[in-house]
Structure formats: structure tokens, C-alpha cells
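Heads up: the sequence shown runs through residues 60 to 133, numbered per this note's numbering. For every residue, glycine included, the Cβ atom is placed at its ideal position computed from N, Cα and C. Heads up, the thing below is written out as C-alpha cells.
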Amino acid sequence: MTLSFDTTVRGGMPVEVNFEIGKPEHDVGIFTPYVEDVWLEVKGKRAKWLEDRLSPAEWEKLEEEVLETWYAEA
60 MTLSFDTTVR GGMPVEVNFE IGKPEHDVGI FTPYVEDVWL EVKGKRAKWL EDRLSPAEWE
120 KLEEEVLETW YAEA
């Protein structure tokens with residue numbers, strides 16, 4: 060299932076963060092839900108150009124927001 064939320068990146072640019080959460084896979088040692096995929100949209104269109112410009116720290120912050128959003132919805 061794909062979920063989304065609105066936030067800002069790069070000092071204030073509004074984006075929609077779309078994400079999918081993977082289910083635990085005990086047979087391979089994954090015991091908790093995990094961020095399977097994350098992508099950004101600006102004005103309803105995929106913003107690959109923006110994704111390429113985010114630093115590892117910015118991606119980490121987004122993944123934290125993704126998990127917070129998912130746990131709040133679950």
C-alpha cells in the first residue's frame with residue numbers, strides 16, 4: 060500500500076512524500092516493518108531531479124518522518 064504526507068525539503072520547498080512500507084520477513088532476519096520505497100512529488104509529478112539533490116542526511120530525516128507517519132496511521 061502506498062501512503063503519503065506533505066512536508067518541506069531543502070530549506071522550505073513543499074513536496075509530497077510517497078512511500079511504501081515492507082512487512083517483516085523473519086526468514087531473512089527482518090523483524091520489524093521497514094521503509095521499502097520513498098519518492099517525492101512536486102505539483103503531482105515525480106521529482107527525480109529533486110531526489111537526486113538530497114543529501115544522505117536529508118534522506119535519513121525523510122525516512123524518519125515516513126516511519127513516524129506510518130506508525131501514527133497503523
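How is the beta strand (DSSP E) around residue i delimited, first residue to last?
| i | result |
| --- | --- |
| Glu95 | 93-101 |
Rounding to the nearest angstrom, what Cα-Cα distance links residue i and residue j in this structure?
| i | j | result |
| --- | --- | --- |
| Thr61 | Glu79 | 5 Å |
| Gly88 | Tyr130 | 21 Å |
| Ala133 | Lys104 | 27 Å |
Buried or exposed, going by whether 16 or more other CB atoms sit within 10 Å of the CB of residue i?
| i | result |
| --- | --- |
| Val125 | buried |
| Val74 | buried |
Terminal residues of the continuous alpha helix (DSSP H) containing residue i?
| i | result |
| --- | --- |
| Val76 | Not the alpha helix (DSSP H): Val76 falls in the beta strand (DSSP E), residues 72-81. |
| Val125 | 115-132 |
| Glu84 | Note, Glu84: premise wrong, no alpha helix (DSSP H); not H, not E. |
In the DSSP assignment, what residue or residues form a beta bridge with residue i?
| i | result |
| --- | --- |
| Thr67 | Pro73 |
Problem set entry | Contact the stretch 64-72 vs the stretch 82-92: 3+ CB pairs below 8 Å | no
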